[in-house]
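Heads up, the thing below is written out as structure tokens.
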Amino acid sequence: MSVRERNSDKEIEVSLEMEQFFPFQLTQLQARVSDSIADIYTGHFALSKHEWRIVAVLGAGQSLSAKDIGSMINLEKMQTSRAIAKMLDKSLLMKDSHKHDKRSSLLKLSPEGIKIHQELAPMILAREQALMSILSSDEQFKLNEMFKKLMSRADELLQDRLP
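Going letter by letter, the sequence shown gives residues 1 to 163 in my numbering.
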């Protein structure tokens with residue numbers, strides 16, 4: 001992919017090689033890693049990607065609103081609502097009224113949801129370890145630090161574009 005720009009009387013060609021473009025590389029990596037993990041939660045537990053993310057977030061034992069869950073797992077309101085409804089139908093979640101906001105409720109894993117989390121988490125962590133095993137401890141630490149820096153910078157850039 002290339003783009004031509006006119007700068008005064010000179011024509012400048014800017015080439016965008018997708019295979020070298022960081023956002024493209026990151027998307028490709030994310031898709032492959034997610035697909036390898038999906039084999040576990042879809043095959044063994046019949047969970048969707050969104051349901052798995054909700055189990056993972058609520059697995060720490062806290063109660064959260066649907067809005068908070070959606071925000072934490074970067075999911076739109078409608079997708080979050082649908083996943084929660086399916087999980088309530090499967091008895092994987094329990095709903096309690098919110099003490100401070102009567103319009104919303106707090107969600108937590110049911111005993112069945114906790115059981116799934118307890119079985120699923122070690123399998124997911126083992127898959128993560130299998131992936132990360134090609135990196136030394138120092139490389140893993142540096143990668144984590146780089147991700148933190150990139151997340152921080154991306155947040156700054158997002159703030160810059162807001163009115």
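Heads up, the beta-carbon is just placed ideally off N, CA and C, and yes, glycines get one too.
- The Cβ-Cβ distance between glycine 113 and leucine 92 falls below 8 Å.
- In this structure, DSSP gives leucine 143 a helical state, which the three-state scheme calls helix.
- By the neighbour-count criterion, in which a residue is buried when 16 or more other Cβ atoms sit within 10 angstroms of its Cβ, alanine 83 is buried.
- Spanning the alpha carbons of isoleucine 12 and methionine 72 requires a straight line of approximately 42 Å.
- The Cβ-Cβ distance between lysine 77 and leucine 88 does not fall below 8 Å.
- In this structure, the alpha-carbon of glutamine 62 lies about 30 Å from that of leucine 26.
- With fewer than 16 other Cβ atoms from the protein chains shown falling within 10 Å of its own Cβ, leucine 158 counts as exposed.
- Straight across, the Cα-Cα distance linking tryptophan 52 with isoleucine 40 is about 10 Å.
- The beta-carbon distance between valine 57 and isoleucine 69, rounded to whole angstroms, is 6 Å. This is short enough to meet the 8 Å contact definition.
- Here isoleucine 73 carries a coil assignment [DSSP, helix/strand/coil].
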